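Peer 1:
2 protein chains.
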Amino acid sequence: METLKVIKIGGNIIDDEQALQLFLKQFADLQSPKVLVHGGGKLASRFAKKLGVEVKMMNGRRITNAETLEVITMVYAGKINKSIVSRLQAHQCNSVGFTGADGNSIVSVRRPVEDIDFGYVGDITRVNTDVLAILLNNAITPVLCAITHDEQGQLLNTNADTIAAEIAIAMSSHLKTELYYCFEKSGVLSDVNDENSVIEHIDSATYKSLLESKVISDGMLPKLTNSFHAVSNKVANVYLGTPEMLFTNNSKFTTIQL
Amino acid sequence: METLKVIKIGGNIIDDEQALQLFLKQFADLQSPKVLVHGGGKLASRFAKKLGVEVKMMNGRRITNAETLEVITMVYAGKINKSIVSRLQAHQCNSVGFTGADGNSIVSVRRPVEDIDFGYVGDITRVNTDVLAILLNNAITPVLCAITHDEQGQLLNTNADTIAAEIAIAMSSHLKTELYYCFEKSGVLSDVNDENSVIEHIDSATYKSLLESKVISDGMLPKLTNSFHAVSNKVANVYLGTPEMLFTNNSKFTTIQL
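First to last, the sequence lines map onto chains A and B. Going by my numbering, the first residue of the first sequence is number 1, and it counts up by one from there. Going by my numbering, the first residue of the second sequence is number 1, and it counts up by one from there.
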């Protein structure tokens, strides 16, 4: 079997109708087996506001109370996920939308309360690849949104970057797997304001020195942590950049290797 | 393989937290292969109101404009469907939530405008059982909500009773299939105000005479039309009644046969 591509798309694509349409057409045409992972932050905040649900942030992170979880479930698993699936079908890419509850595919525990109670936020404890593997073996593309569950009937909000990394790690025991983080930058930049400053290769040694020199922006740090977690657990390669890295040969991006 | 049960639950179960919890526990324990179909009307209307989306009815039927479809997609495919799937997982019933777009399982066309434009309402043209059959063969229960798609990227609102009938018909070509309509009455009543007036068996001849005598309530007519459509197309039996008909031996219900 070919290499599996686990592809995570960020809010800049989800929130831009034209960008999303183009991405889905190109994604559908990718010939390798593939998994798509998405969040959808801005849209969730917009609906929360419309419904009069207060969006509480703490250190830049969303506090997920019961009402917020309800909005997230409706927007991520309903509106965004089903819009993506129906449009992939229009491009002849047979797909099935997933939360971590579907097929019991991603199990998490509610994050323990230490200084902050993040609410209904789940930390992943186990990925069951059974159903995902069955679908992939039948040329069907799973589309996962950023929701997991605790096997006790509770859905939990979980970071989409982390979901993508854990899915890639779990699938690596079946077949060669690559992880792609698609976002608005051309990869990891040495100067956050200069798109030409892409660091094309990062290995453990350069990662360490980048951390020490504090070159990496705060927003990029979790992605790099997830990336090294993935390559340290049998994921073949991790790539960070704009979606063009998947579809053209002339874009710059960052490759992460051990 | 055993008999497949396609089970449709009505708004009276969806809208009653305690009834839903009990139903899902009993449903999870059913040993035969099974498919669950649900709508969720009242909850959708509640969220539409909260979001300031006007609910337009015409001859007792909902007009589905773009905003209404958005609400329906969020409530049916997001909130209700994922709540059901996560709770079935808690009862060790491995399930995957579906719209008709997922796995390209239910294809429809937007209803042509004659006297009334119903908006984004889909009439089913084809059921693809491929993905549903793959899941059932792996002991996984599909949970379908009342949304289909047109294969051109458009989701469409479709009556859940009709979805259940069409799924049952399509699955009948794979294995013996029974259809259950679970709702608030103990079946088809000869006196709508008397729960003891259940008509226990209806065949084509009694159906015709019931129609002529105008005994059947308006709300029951579409269910009976769907039921006879199903049994006329290889579905083994159709049952109408409260969920108890599935789980106990002492409840009354209506059995439909040709």
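Idealized CB from N, CA, C, for every residue including glycine. From a predicted model like this one, the values you see are computed outputs, not experimental measurements.
What residue does the alpha helix (DSSP H) around THR225(B) start on, and which one ends it?
Peer 2: Within the second sequence, residue 225(B) is the residue found at index 225, counting from 1. Per DSSP, THR225(B) belongs to the alpha helix (DSSP H) from 221-231.
Peer 1: Which stretch, first to last residue, makes up the alpha helix (DSSP H) that contains LYS49(B)?
Peer 2: Walking along the second sequence from the start, residue 49(B) turns up at place 49. Segment 41-50, the alpha helix (DSSP H) holding LYS49(B).
Peer 1: How would you write the range of the beta strand (DSSP E) that VAL35(A) sits in, first residue to last?
Peer 2: Mapped onto the first sequence, residue 35(A) falls at position 35. 34-38 is the extent of the beta strand (DSSP E) around VAL35(A).
Peer 1: Take SER267(B) as the anchor and find which of GLN89(A), ALA101(A) and ALA205(A) has the nearest alpha-carbon.
Peer 2: A question about residue 267(B) goes unanswered here, because the residues of chain B that appear run from 1 up to 258.
Peer 1: Any Cβ of chain B within less than 8 Å of the Cβ of LEU132(A)?
Peer 2: Counting from 1 along the first sequence, the entry for residue 132(A) is found at position 132. With 8 Å as the cut-off, LEU132(A) does not count as an interface residue toward chain B.
Peer 1: Reducing DSSP to helix, strand and coil, say where GLU178(A) ends up.
Peer 2: Within the first sequence, numbered from 1, the residue matching residue 178(A) stands at position 178. GLU178(A): strand per DSSP, three-state reduction.
Peer 1: Would GLU67(B) pass as an interface residue toward chain A - the criterion being a Cβ-Cβ separation below 8 Å?
Peer 2: What you label residue 67(B) is simply residue 67 of the second sequence in a count that begins at 1. GLU67(B) does not count as touching chain A.
Peer 1: Determine the burial state of GLY39(B): buried for a count of at least 16 other Cβ atoms within 10 Å of its Cβ, exposed for fewer.
Peer 2: On the second sequence, residue 39(B) is found 39 positions in, with the first residue counted as 1. Answer is buried; the Cβ neighbour count reaches 16.
Peer 1: Based on Cα-Cα distance, which residue from ALA146(B), THR148(B) and LYS252(B) lies nearest to ASN196(B)?
Peer 2: Within the second sequence, numbered from 1, the residue matching residue 196(B) stands at position 196. When each option's Cα is compared against that of ASN196(B), the closest is LYS252(B).
Peer 1: Quick check: is the beta carbon of THR73(A) nearer than 8 Å to any beta carbon in chain B?
Peer 2: Residue 73(A) sits at position 73 when you count from the first residue of the first sequence. The beta carbon of THR73(A) falls within 8 Å of a beta carbon belonging to chain B, placing the residue at that interface.
Peer 1: Residue range of the beta strand (DSSP E) that LYS56(B) falls in?
Peer 2: Translated into the one-based positions of the second sequence, residue 56(B) becomes position 56. 56-58 is the span of the beta strand (DSSP E), which, as asked, contains LYS56(B).
Peer 1: Could you pull the DSSP bridge partners for ARG110(A) from this structure?
Peer 2: Here residue 110(A) is taken as the residue at index 110 of the first sequence, counted from 1. Looking at the DSSP output, ARG110(A) shares a beta bridge with GLY122(A).
Peer 1: Quick one: what does DSSP say GLY241(A) is sitting in, helix, strand or coil?
Peer 2: Taking the first residue of the first sequence as position 1, residue 241(A) is located at position 241. The answer is strand: DSSP assigns GLY241(A) an E or B state.
Peer 1: Below 7 Å on C-beta distance, what does GLY103(B) contact in chain A?
Peer 2: In the second sequence, counting from the first residue as 1, residue 103(B) sits at position 103. ASN94, VAL96 and ILE140, listed in chain order.
Peer 1: Take ILE169(A) and list the residues in its own chain whose beta-carbon comes closer than 7 Å to its own, dropping the five residues that flank it on each side.
Peer 2: By 1-based counting over the first sequence, the position of residue 169(A) is 169. Excluding residues within five positions, the ones whose Cβ falls inside 7 Å are ALA230, ASN233, LYS234 and VAL235.
Peer 1: Throw me the rounded Cβ distance for the THR68(A) and VAL85(A) pair, which I believe falls under 8 Å.
Peer 2: Residue numbering aside, residue 68(A) sits at position 68 when the first sequence is read from its first letter. Residue numbering aside, residue 85(A) sits at position 85 when the first sequence is read from its first letter. That belief does not hold up - the Cβ atoms of THR68(A) and VAL85(A) are roughly 24 Å apart, past 8 Å.
Peer 1: Is LYS56(A) buried or exposed, if buried means 16 or more other CB atoms sit within 10 Å of its CB?
Peer 2: The residue you call residue 56(A) lines up with position 56 of the first sequence. Burial state of LYS56(A) is exposed, judged by a 10 Å Cβ sphere holding fewer than 16 other Cβ atoms.
Peer 1: With a cut-off of 8 Å, does the C-beta of LEU155(A) fall near any C-beta of chain B?
Peer 2: As a position in the first sequence, residue 155(A) is number 155, starting the count at 1. Yes, because at least one Cβ of chain B sits closer than 8 Å to the Cβ of LEU155(A).
Peer 1: For SER259(B), which residues of its own chain have a beta-carbon under 7 Å away from its beta-carbon, when the five flanking residues on both sides are left out?
Peer 2: The structure shown does not extend to residue 259(B), since chain B is modelled only from 1 through 258, so no value can be given for it.
Peer 1: Based on the DSSP output, what are the partners of CYS93(A) in its beta bridges?
Peer 2: Locating residue 93(A) in the first sequence gives position 93, counting from the first residue. DSSP, once it has assigned bridges, lists no residue as partnering CYS93(A).
Peer 1: Between GLY78(B) and chain A, is any beta-carbon pair separated by less than 8 Å?
Peer 2: If you number the second sequence from 1, residue 78(B) lands on position 78. So yes, GLY78(B) belongs to the interface.
Peer 1: May I have the straight-line CA-CA distance separating SER105(B) from SER186(B), to the nearest angstrom?
Peer 2: Residue 105(B) sits at position 105 when you count from the first residue of the second sequence. Residue 186(B) sits at position 186 when you count from the first residue of the second sequence. In a straight line, the C-alpha of SER105(B) is about 31 Å away from that of SER186(B).
Peer 1: Below 8 Å between beta carbons is the criterion; list the residues of the region 182-197 of chain A that meet it against any residue of chain B, in chain order.
Peer 2: The region 182-197 of chain A vs chain B, Cβ under 8 Å: nothing.
Peer 1: Any idea what DSSP makes of LEU30(A), helix, strand or coil?
Peer 2: Reading the first sequence from its first residue, position 30 is the one you call residue 30(A). Reduced to three states, the DSSP call for LEU30(A) is coil.
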